[in-house]
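S.K.:
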Amino acid sequence: MRDNIVYGLGIAAAAVLAWNTYAIAGLPDEVNQGAVFKIIFFHVPMWAAAGVAVSVALIASALFLITRNFAFDAAAVASTEVGVCFLSAGLATGSIWGRQIWGIWWTWDARLTSALLCWILYAGYLMLRRAVEEPTQRATFAAIFNIFAFLDVPIVFFSIKWWRTQHPQPVFWGNGSFPKDWTQHFLYNMAAMVALGVVMTVLRFRQEEVQREIDAVRRTVHAF
Amino acid sequence: MYLLLAQITQDDLQREALRLQHDYQFLTYGLIAAWVILAVYVMTMIGRQKKLKREIESLRVMVDEKQASGSTR
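If you read the protein sequences in the order shown, they are chains A and B.
Quick note on the working numbering: the first sequence kicks off at 829 and runs consecutively.
Quick note on the working numbering: the second sequence kicks off at 4 and runs consecutively.
1) So which residues of chain B does CYS913 (chain A) contact, with C-beta pairs closer than 7 Å?
2) Output needed for TRP930 (chain A): all residues of its chain with C-beta closer than 7 Å, excluding positions within five of it in sequence on either side, in chain order.
3) Would you list, in sequence order, the uninterrupted alpha helix (DSSP H) runs of no fewer than 4 residues that lie entirely inside the region 830-894 of chain A?
4) Quick check: is the beta carbon of GLN17 (chain B) nearer than 8 Å to any beta carbon in chain A?
5) Flag this pair as yes or no: are the beta carbons of ILE924 (chain A) and ILE867 (chain A) separated by less than 8 Å?
6) Return the CA-CA distance between ASP980 (chain A) and GLY879 (chain A), expressed in angstroms with no decimal places.
7) Just curious, the alpha helix (DSSP H) that VAL960 (chain A) is in, first and last residue?
8) What residue range does the alpha helix (DSSP H) around HIS1006 (chain A) cover?
9) Please name the residue in A:VAL1045, A:ARG1046 and A:MET1028 whose C-alpha comes closest to that of ARG51 (chain B).
10) Listing by chain order, which chain A residues have their CB less than 8 Å from the CB of GLU60 (chain B)?
11) Please identify the residue among A:PHE1014, A:ARG1034 and A:ASP1043 whose C-alpha is closest to the C-alpha of ALA906 (chain A).
12) At the level of alpha carbons, what is the spacing between ILE810 (chain A) and ASP901 (chain A)?
13) Can you check whether the C-beta of ASP14 (chain B) is within less than 8 Å of a C-beta belonging to chain A?
14) Looking at chain B, which residues of the region 862-889 of chain A have a Cβ within less than 7 Å of any of its Cβ atoms?
15) Along the chain, where does the alpha helix (DSSP H) containing LEU979 (chain A) start, and where does it finish?
16) So is LEU1031 (chain A) in contact with chain B if we call contact Cβ pairs under 8 Å?
17) Just checking: is the beta-carbon of PHE1014 (chain A) within a distance shorter than 8 Å of some beta-carbon in chain B?
18) Taking the C-alpha atoms as reference points, what is the distance between LEU886 (chain A) and VAL1038 (chain A)?
19) Does any residue of chain A have a CB that is nearer than 8 Å to the CB of LYS69 (chain B)?
20) Determine the direct distance from the alpha carbon of HIS25 (chain B) to that of ALA877 (chain A), and round the result to whole angstroms.
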């Protein structure tokens, strides 16, 4: 992707998020939960961005195993790292919301436990990459582990449907409802957060590619 | 309506004010946590970019040295 497009998308996403934060602050408080409910405008889009990132990582990992092209390995590590960043932010915002609404920071229900497990698995993926020296072996192990880690993602997504959880049911595909103008702000945040994730993934992907080229040149120089 | 309003005590008002204050406090904590995590990751990426530039520079020096030692042989 061209530099102008990447940076332009990043600036546009940041601008939409900044404007939307201001707009959301002006919305009336939710009847039952009050102002703290507004965390949902950031919490859910962050999880959506994380979901997109780990899905890209899954596809890239599978493509690496099929083609052995290291560009897919770079794409997998870039999107997983961005995914872990959004997962961390999603867990943190959810926990803060829970403290005010439930009176507890954490509970071991199916959604929260599977979400934490998801974070641990992807953080484990990043640690695994540091543990293996040889590039081909590292990329292969990491790709297999990434596919394994993704098994938890549908469990996180559907846990609130499959089990009775403390976590609320989804607003959009459950029995909840959202006023039209709130939905608009929510979708803006969703799009902006995913766009931000795309920009971060592209930039991180480039870094990974440059690092691989540096390592290759260094090996060649040492060989002579 | 007026009867209901008449039942509101000073304590009720204080409790409601405290709840509102806590709501905004936790909303602020949530937003700060989210942005701090994203900002830390962006800072990490900037740091990694600087490290890559340093590595390219050291590699350039290494290649120049190898070429110089190769041409003197």
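Even glycine gets a Cβ: it sits at the ideal position worked out from N, Cα and C.
M.R.: On the basis of the data shown:
1) ILE40, LEU41 and TYR44
2) GLN994
3) 831-853
4) no
5) yes
6) 11 Å
7) Element bounds for VAL960 (chain A): n/a, residue is neither H nor E.
8) The sequence given here places Phe at residue 1006 (chain A); His does not occur at that position. Careful: PHE1006 (chain A) lies outside any alpha helix (DSSP H) and carries neither H nor E.
9) A:MET1028
10) Within 8 Å Cβ-Cβ: nothing; GLU60 (chain B) doesn't reach chain A, min ~11 Å.
11) A:ARG1034
12) There is no way to answer for residue 810 (chain A), as the model of chain A reaches only from 829 to 1052.
13) no
14) GLY862, ALA863, VAL864, LYS866, ILE867, PHE870 and MET874
15) Unbroken run through LEU979 (chain A): none, as it is neither H nor E.
16) yes
17) no
18) 22 Å
19) yes
20) 28 Å
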